[in-house]
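Protein chains: 4
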Amino acid sequence: MKLWGGRFSGRTLEEVEEYTNSLKTDHRLYTYDIKGSQVYAQALRKAGVITSGEERKIVSALNRIKKEMDSGSFSFHSSDEDIHTAIERRLVELTGDIGKKLHAGRSRNEQVVLDVRMFMKDAGKELLYSLAHFVEVLAEKAIKYASTIMPGYTHLQRAQVVTAGHHLNAYACALYRHLTRFQDFLERNDELPLGSGALASNTLGLDRRFMAEKLGFSRICLNSMDAVSFRDLLAEFTFICAAIMVTLSRFAEELILWASDEFSFVELPDEMCTGSSLMPHKKNPDVPELVRGKAGGVIAAAVALLALEKNLPLTYNRDLQEGKVHLFSAFDTTLASVNIMCMLVERLEFRRDILAGAAEDWKLLMTDLAEKLVQKGVPFRTAHEAVGKLVKHLMDNKESPVEIRDSELKKIHPALDPEDVKTLCPEGSVKARKVPGGPHPSEVKKTARRLLNLVKAHTKNKMC
Amino acid sequence: MKLWGGRFSGRTLEEVEEYTNSLKTDHRLYTYDIKGSQVYAQALRKAGVITSGEERKIVSALNRIKKEMDSGSFSFHSSDEDIHTAIERRLVELTGDIGKKLHAGRSRNEQVVLDVRMFMKDAGKELLYSLAHFVEVLAEKAIKYASTIMPGYTHLQRAQVVTAGHHLNAYACALYRHLTRFQDFLERNDELPLGSGALASNTLGLDRRFMAEKLGFSRICLNSMDAVSFRDLLAEFTFICAAIMVTLSRFAEELILWASDEFSFVELPDEMCTGSSLMPHKKNPDVPELVRGKAGGVIAAAVALLALEKNLPLTYNRDLQEGKVHLFSAFDTTLASVNIMCMLVERLEFRRDILAGAAEDWKLLMTDLAEKLVQKGVPFRTAHEAVGKLVKHLMDNKESPVEIRDSELKKIHPALDPEDVKTLCPEGSVKARKVPGGPHPSEVKKTARRLLNLVKAHTKNKMC
Amino acid sequence: MKLWGGRFSGRTLEEVEEYTNSLKTDHRLYTYDIKGSQVYAQALRKAGVITSGEERKIVSALNRIKKEMDSGSFSFHSSDEDIHTAIERRLVELTGDIGKKLHAGRSRNEQVVLDVRMFMKDAGKELLYSLAHFVEVLAEKAIKYASTIMPGYTHLQRAQVVTAGHHLNAYACALYRHLTRFQDFLERNDELPLGSGALASNTLGLDRRFMAEKLGFSRICLNSMDAVSFRDLLAEFTFICAAIMVTLSRFAEELILWASDEFSFVELPDEMCTGSSLMPHKKNPDVPELVRGKAGGVIAAAVALLALEKNLPLTYNRDLQEGKVHLFSAFDTTLASVNIMCMLVERLEFRRDILAGAAEDWKLLMTDLAEKLVQKGVPFRTAHEAVGKLVKHLMDNKESPVEIRDSELKKIHPALDPEDVKTLCPEGSVKARKVPGGPHPSEVKKTARRLLNLVKAHTKNKMC
Amino acid sequence: MKLWGGRFSGRTLEEVEEYTNSLKTDHRLYTYDIKGSQVYAQALRKAGVITSGEERKIVSALNRIKKEMDSGSFSFHSSDEDIHTAIERRLVELTGDIGKKLHAGRSRNEQVVLDVRMFMKDAGKELLYSLAHFVEVLAEKAIKYASTIMPGYTHLQRAQVVTAGHHLNAYACALYRHLTRFQDFLERNDELPLGSGALASNTLGLDRRFMAEKLGFSRICLNSMDAVSFRDLLAEFTFICAAIMVTLSRFAEELILWASDEFSFVELPDEMCTGSSLMPHKKNPDVPELVRGKAGGVIAAAVALLALEKNLPLTYNRDLQEGKVHLFSAFDTTLASVNIMCMLVERLEFRRDILAGAAEDWKLLMTDLAEKLVQKGVPFRTAHEAVGKLVKHLMDNKESPVEIRDSELKKIHPALDPEDVKTLCPEGSVKARKVPGGPHPSEVKKTARRLLNLVKAHTKNKMC
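Shown next as structure tokens:
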């Protein structure tokens with residue numbers, strides 16, 4: 011069935027039908043479409059456009075269609091242009107002329123914008139829950155590894171001593187920011203477009219606030235042309251997904267590094283790795299690699315949404331149909347990626363001995379040494395240079411700080427105290443960093459508990 | 011001056027210095043860098059690292075440096091790797107060993123993340139003000155054109171009758187959503203990174219909450235590695251810019267269409283157009299065209315920020331230096347584009363007669379006619395088809411609705427009432443749409459006033 | 011079946027299998043995979059790894075698998091990780107230990123890079139043919155409309171007189187450039203990766219040149235690590251698709267403009283338009299709108315391919331699996347879009363009367379007038395300014411050039427000859443532009459024939 | 011000076027002048043613009059529009075302007091909208107009415123497209139030379155390290171033994187493909203647009219083939235509207251840059267990994283590294299990090315070029331002005347990055363001992379062992395599984411292959427020959443891979459020499 015055609019003489023070409031069909035993408039909106047139509051029927055009845063009996067028949071037929079779709083028994087026709095057409099076609103099959111009354115004053119694009127807002131409500135909440143759970147898993151793991159010493163890196167060069175729990179908390183903090191982005195998004199998205207018609211509202215006197223309440227929206231859109239034209243909310247949703255994927259890609263990169271023979275900081279669980287069809291010894295970190303690779307696709311989805319809306323005059327243009335493709339793909343990928351990375355972290359164990367060994371690298375303590383000079387009154391730049399020279403001396407002579415002779419030390423800089431140099435140790439370094447936001451075990455636990463508290467409200471309803 | 015070098019033997023190659031230098035980009039951060047350093051000096055004094063006298067000298071020398079930079083008299087050296095180095099180099103010139111004390115416990119990247127957060131505070135507020143002012147200008151213009159009838163479009167085909175004020179309000183609503191995005195961003199950005207050191211906080215006992223208060227931040231970052239590693243806030247800022255530019259590009263497209271000979275809906279002001287070097291008669295809408303073109307660049311800036319952070323292990327990597335390039339470019343372009351589009355709208359006048367003439371097109375009223383049939387009990391789909399046939403008849407016969415014979419009308423559908431068909435008019439169409447969010451003049455004014463009220467708080471301090 | 015697992019203790023988690031599975035994407039490579047395996051079996055036999063009898067059995071079982079897949083009777087298992095695993099699993103079912111011999115010395119990624127190169131050969135040729143046919147259709151249409159006068163635009167403002175055929179030829183030229191891009195690509199892609207193993211070639215003495223010949227490649231890859239690592243060829247293919255879509259989006263934009271009530275330059279064929287579910291009078295240019303919208307997705311696919319390869323160490327990383335998703339999506343969309351736009355142009359008819367009417371706009375001839383002054387010795391800048399003043403005078407007084415008094419004319423500039431001004435006409439303008447590459451009908455036909463000649467070789471085998 | 015204005019009454023607003031000004035970007039085109047104008051003057055003289063004397067004066071004044079610009083003594087005015095205006099303004103200052111004759115029949119956009127094509131000719135050649143030189147450096151380094159054994163990786167897990175020279179050749183091959191892309195591009199770009207006017211060619215009878223010859227173009231554009239409208243050549247150029255940057259980013263990633271404490275495969279030269287302002291011991295691989303980061307920006311530039319041309323009607327629209335920004339930025343970044351990476355590789359030395367040590371990892375040889383079983387008639391899948399079990403046994407028991415008892419070996423698989431297992435060694439592995447494209451030293455040298463030969467023609471004129 012076509013929802014139009016009175017004014018046309020030619021039949022649409024098959025190639026055109028195929029090119030323009032969106033059912034493959036939008037069929038997943040059916041629950042929202044049906045719910046929206048049921049409330050719309052109520053509003054039509056309230057406005058006197060249909061009778062109570064007609065409303066009941068429409069609502070009940072739509073319930074039946076939902077069941078058919080839920081169970082997979084719904085039979086789609088090749089001429090169903092989209093999910094909205096398919097549902098209306100079936101409604102008319104089931105109710106005849108009554109069904110033909112439902113779409114008074116309503117456009118398909120209006121259904122799309124309603125359905126997509128409803129979808130994004132649910133999808134946003136689902137991602138919010140998954141993020142909250144992931145933060146929880148990270149914070150708990152951070153508490154477990156609060157005092158596990160490891161090297162921290164800048165430029166992938168060993169920099170200073172930190173704790174594994176501190177490192178994990180960094181991701182928890184970043185993910186929590188993404189969670190707040192979805193909170194803000196959900197507030198912004200909470201506006202009912204229904205009643206906007208194709209662009210100019212309607213002449214039927216529909217009660218928009220009634221429909222908003224029934225569909226769980228706090229507000230109604232203030233302008234019918236705005237409601238049907240813009241896709242900035244889809245772009246925002248997709249951007250948040252892309253930003254999450256970028257954060258995950260960084261964690262993924264680290265897991266891949268840590269699982270390499272050279273780092274060996276972690277052993278990834280067998281059940282989350284895969285092997286090679288050719289090389290019998292391989293155990294590959296495919297999951298984090300795919301997370302990285304899929305991040306590229308989600309960034310691209312955000313680009314697509316911005317690019318496709320660019321330069322379009324108001325109001326609706328068919329270009330916008332493509333928006334859903336990229337929104338859904340970004341959501342599906344991001345949700346699966348957050349969840350699989352969460353599973354990986356749940357199973358992640360650090361090799362404390364290897365981390366400790368790596369942290370023994372004396373270079374990691376050179377900043378501490380400079381800061382000790384500072385506390386003796388040496389200007390920092392002078393201390394920095396002195397310690398730099400010490401480093402060069404040690405490396406040129408392949409010595410470690412405990413091996414250097416006191417006289418050599420004094421030659422480099424008189425304030426260099428052999429006692430200070432020789433007692434440098436990773437534990438001492440971490441101990442000295444008991445500052446808010448620092449890597450000291452007690453600070454790590456404090457931050458982790460703070461995060462657990464922040465996400466508590468969001469995880470309680472989530473079973474993961 | 012280099013802030014490092016003790017451990018190096020070779021001199022850095024000139025090509026490397028040039029390739030890695032970021033002064034051209036980050037010099038604009040100097041105000042923030044100096045302010046941050048002054049507060050940092052206070053914190054060092056509070057922690058007993060420097061004396062009150064030293065603090066005073068540092069603060070005062072930094073004030074002098076600021077003045078030199080403000081006035082353009084500061085002399086940069088080719089060896090200044092970035093703005094932070096330049097300022098510290100000059101500070102040491104002015105204060106000797108005292109200046110060398112300032113950077114104890116602090117890394118350059120930490121300065122960068124502080125400076126950029128401070129920059130984004132100001133930049134976000136500036137964009138927020140500009141958006142608020144633009145919403146104001148649009149809402150006032152919407153009130154002026156609240157009853158100016160014009161055709162509304164879908165698919166760039168004439169669709170239904172709306173009012174020019176209604177059309178303008180659509181953009182005001184969209185821009186207001188962007189404004190709320192900056193509000194959310196500013197809240198999220200309001201966290202002090204200072205005290206994080208290179209990645210592992212510091213050993214000097216700096217009072218981070220004191221520094222937060224002095225620098226106007228509400229909170230401190232919870233984790234030092236998070237604070238120095240991620241660039242999601244820059245990506246978010248840039249994304250909002252890109253989303254704004256996409257909205258502006260749509261308005262720009264419409265202005266270009268409206269200024270064409272074929273539409274002629276508006277005459278753009280001479281003082282905002284340019285001519286052709288070859289064709290003497292041309293008056294071109296260059297400003298909206300450039301807005302569209304620049305939207306491409308700002309979308310690209312968002313891509314760049316996401317792409318460059320992808321796959322980076324914690325914490326800092328030099329890749330991130332490039333983030334500022336894209337952030338600044340997105341901000342500058344977006345601010346200039348919002349302001350110039352606002353100026354264009356301030357000067358924009360619709361040609362009421364042409365709009366009215368275009369709105370006389372009877373096709374715009376066919377949905378109203380179908381809704382009239384609905385109100386007589388005809389199922390909407392049936393009404394839609396009947397009116398579709400009427401449209402085809404009129405077009406095939408090149409007739410208008412007032413010309414069709416009653417008998418012909420009845421042949422198409424018995425419920426088609428000649429009275430209804432002949433009395434269709436644009437004014438009646440708008441009158442029938444007095445629904446919340448609809449194009450009726452009183453609704454347009456209501457929405458405009460609502461928007462004025464929403465942005466009032468943000469525009470009062472703005473002189474534009 | 012898994013192609014690995016000997017060294018693993020844990021079973022892979024279901025969620026991991028789902029997350030890493032690529033069958034949905036790569037199943038379409040089966041023809042190439044089978045063909046590649048058949049030639050590989052020959053090479054194994056030549057190297058003495060298998061016997062002739064084993065080779066025959068493998069080749070014949072693979073033929074059977076191909077038939078099963080062609081007919082849809084092949085039964086995929088949920089444990090088939092990808093198309094390569096599925097085929098090998100089935101091969102072993104059919105041939106037992108013999109089938110287990112096939113993959114000696116070969117990695118799955120190597121199969122992927124082979125299959126994708128074979129796919130891109132076919133896909134590139136298919137796009138090349140479609141482009142050639144489209145150029146042909148455009149050139150023929152250009153000949154038909156070689157002397158149809160219409161306004162040409164810059165900045166969407168009427169600029170100078172051109173011919174419709176000239177306008178169509180512009181697209182034909184741009185599409186021909188894209189065609190040459192695929193020619194270059196196909197040459198570059200024409201290199202066999204097989205024999206590279208996972209990364210380090212193989213120890214079995216396979217004859218790579220023999221395999222190249224059998225599989226229709228002109229050369230073999232020079233380095234096994236290069237062969238399995240890079241995806242620049244996929245990125246190039248996808249970029250060309252994106253560039254094509256951008257060109258099509260411009261044509262689409264013009265068709266949408268031309269089909270608007272305001273321009274009315276063309277009537278799009280009913281069979282390629284769609285209607286509105288709400289507004290009975292609508293005939294919407296959905297096809298070109300979708301072309302524009304889909305262009306956003308193909309640009310995004312190019313971004314995805316570049317972003318996902320960025321920062322990956324050699325050689326294979328699982329991230330690369332995602333490359334196929336974006337390649338296939340770009341190819342499918344671009345091919346369908348080229349073909350549907352070609353169908354649209356085949357059915358496109360210009361409204362000669364409306365074009366002629368629009369071209370009567372005297373402003374279109376003002377450059378000709380300036381050039382006439384130049385031919386009388388007036389410096390061009392002076393002529394430009396004089397004609398600019400004439401335009402202003404005419405617009406201020408709402409006059410046309412034939413109405414202005416001679417004395418007024420002379421006041422504006424003494425060299426303005428009333429005869430010149432009054433005899434300006436669109437036909438004369440086109441006539442004066444009989445220069446290579448110009449809009450004169452004979453030049454239009456010359457260019458069209460040149461283009462027909464250039465693409466002849468590519469269309470002869472194409473049935474479209 | 012404005013090149014237009016006769017028809018305008020209002021003065022352009024300062025903000026508009028600033029927003030639309032492109033001088034900061036396009037001033038670098040001055041050499042091309044002047045050369046193009048000199049040839050244009052010759053063509054005007056040939057067509058009889060100006061005299062020989064006028065031509066001489068124009069050409070000579072343009073030479074003087076070039077000198078002024080070369081030396082930096084040219085004084086730009088704030089009203090110079092772009093480089094074309096600036097040059098014409100000065101020309102008129104120098105020659106009066108004669109200079110006003112130059113622009114007859116020519117539009118600024120036409121100058122832009124000419125200048126940009128000329129720029130891309132030079133820029134493409136420069137990149138081609140730099141790539142050729144880099145390939146040369148890599149190939150020579152590959153010969154030097156042709157027999158240096160090292161582990162090869164997939165999934166960043168040790169996979170099989172290769173040689174360092176083989177690894178370097180992989181990049182040389184990839185870069186050579188990019189070189190061929192520029193060759194193809196240069197051929198496609200080799201078409202003169204001049205003579206196209208604003209869009210409709212000209213009425214002055216200019217000899218386009220003469221101008222092509224004088225300006226070093228092989229062909230003339232076939233259609234004036236095509237010549238001035240499209241920017242696909244800029245997009246192609248920028249895409250090739252992006253693809254190069256992606257390849258470089260992979261090499262950069264490897265250099266960063268190799269320079270880490272954990273890998274320690276190379277020591278980067280001091281003169282190409284930088285230190286930390288805080289941590290005195292740091293030596294950071296800033297150059298490759300920035301290469302990675304800048305890759306994000308060049309990908310974005312390609313996005314910008316595609317996005318800004320999307321949806322634009324023919325012919326010129328001011329949006330296109332922005333194209334140059336992204337083209338120049340992509341070119342500058344890519345050229346600098348190719349050159350700096352080339353310098354890095356010139357100074358790169360592998361630590362042969364560490365590579366050899368890493369290659370001792372017995373897991374790297376397990377595929378060879380499986381292939382040995384294959385050569386004894388064991389089906390590969392069976393061999394793969396058997397060796398997988400051996401790996402598991404060795405890892406569970408923390409044994410190496412030389413330690414396992416023969417009986418244990420036979421238990422795992424009867425065909426496992428202790429002799430085979432115990433004689434596995436990296437040297438043997440490489441020796442067995444003397445196949446075309448393989449890692450064997452003689453193959454490495456063969457490939458390197460082939461590459462040197464391929465690029466020879468391009469490097470001979472290059473002094474780097």
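From first to last, the protein sequence lines stand for chains A, B, C and D. Just so we're on the same page, my numbering is the position in the first sequence counted from 1, plus 10. Just so we're on the same page, my numbering is the position in the second sequence counted from 1, plus 10. Just so we're on the same page, my numbering is the position in the third sequence counted from 1, plus 10. Just so we're on the same page, my numbering is the position in the fourth sequence counted from 1, plus 10. Glycine included, every Cβ here is placed at the ideal spot set by N, Cα and C.
*If you drop the 5 nearest sequence neighbours on each side, which residues of the same chain put their C-beta closer than 8 Å to that of N294(C)?*
The residues are C283, T284, G285, S286.
*What is the DSSP secondary structure of R168(C), reduced to helix, strand or coil?*
Strand, per DSSP.
*S452(C) to E120(D), Cα distance in whole Å?*
One C-alpha to the other measures close to 23 Å.
*asked:* Given the structure, does V238(B) come close to the ligand MG, in the sense that its CB is under 7 Å from one of the ligand's heavy atoms?
replied: No copy of the ligand MG appears in this structure; indeed no ligand is present at all.
*asked:* Pop quiz: H403(A) and I422(A) are said to be a contact at Cβ under 8 Å. What is the actual Cβ separation, rounded to whole angstroms?
replied: Correct: roughly 6 Å between the Cβ atoms.
*Taking all protein chains shown into account, decide if G109(C) is buried (16 or more other Cβ within 10 angstroms of its Cβ) or exposed.*
A buried status is given to G109(C), since no fewer than 16 other beta-carbon atoms sit within 10 Å of its beta-carbon.
*asked:* Just verifying my parser: in three-state terms, what is the DSSP assignment at Y155(A)?
replied: Residue state for Y155(A) is assigned as coil, using DSSP reduced to three classes.
*List the residues of chain C whose Cβ lies closer than 9 Å to the Cβ of T190(D), in chain order.*
Result: D194, E197, R198.
*asked:* Out of F341(B), P290(B), A396(B), V335(B), which one is the CA nearest neighbour of L383(C)?
replied: Nearest of F341(B), P290(B), A396(B), V335(B) to L383(C), Cα basis: P290(B).
*Under 6 Å Cβ to Cβ from E356(D), same chain only, skipping five residues before and after it: list those, please.*
Cβ within range, chain order: V147.
_DSSP beta-bridge partners of L419(D)_ = Beta-bridge annotation (DSSP): L419(D) is not paired with any residue.
*What do you reckon, are the CB atoms on S47(C) and L72(C) nearer than 8 Å?*
Closer than 8 Å, so yes.
*Would you grab the beta carbon distance between T190(D) and T173(D) for me? Rounded to a whole angstrom, and I think it's under 8 Å.*
Not quite, the Cβ-Cβ distance comes to about 26 Å (not below 8 Å), so this is no contact.
*Check the Cβ of P295(A) against every Cβ in chain B and list those closer than 8 Å, keeping chain order.*
Under a criterion of Cβ atoms nearer than 8 Å, no residue of chain B is adjacent to P295(A); the nearest Cβ is some 13 Å distant.
*Enumerate in chain order the residues of its own chain whose CB-to-CB distance from K472(C) is below 6 Å, with the five nearest sequence positions on each side excluded.*
At K472(C), the pLDDT of 49 sits below 50, so the modelled position is not reliable and the matter cannot be decided from this model.
_Straight-line gap, G15(A) to E395(B) (C-alpha atoms, nearest Å)_ = Cα-Cα distance, rounded: 7 Å.
*Buried or exposed: which applies to M405(A), given that a residue is buried once 16 or more other Cβ atoms fall within 10 Å of its Cβ?*
Looking at its Cβ environment, which holds fewer than 16 other Cβ atoms inside 10 Å, M405(A) is exposed.
*In the DSSP assignment, what are the bridge partners of V276(B)?*
The partner list for V276(B) (beta bridge, DSSP) reads F360(B).
*Of all Cβ atoms in chain B, is any one closer than 8 Å to the Cβ of E299(A)?*
Chain B, which has no Cβ nearer than 8 Å to the Cβ of E299(A), makes this no.
*Residues that T164(B) contacts on chain A, provided the C-beta gap is smaller than 7 Å*: The answer, in chain order, is A208, L209, T325, Y326.
_Whole angstroms are fine: how far does the CA of L202(D) sit from the CA of C474(D)?_
Any reading at C474(D) needs caution, since the residue's pLDDT is 40, under 50, leaving its predicted position unreliable; the model's value is listed next. Cα to Cα, C474(D) sits roughly 31 Å from L202(D).
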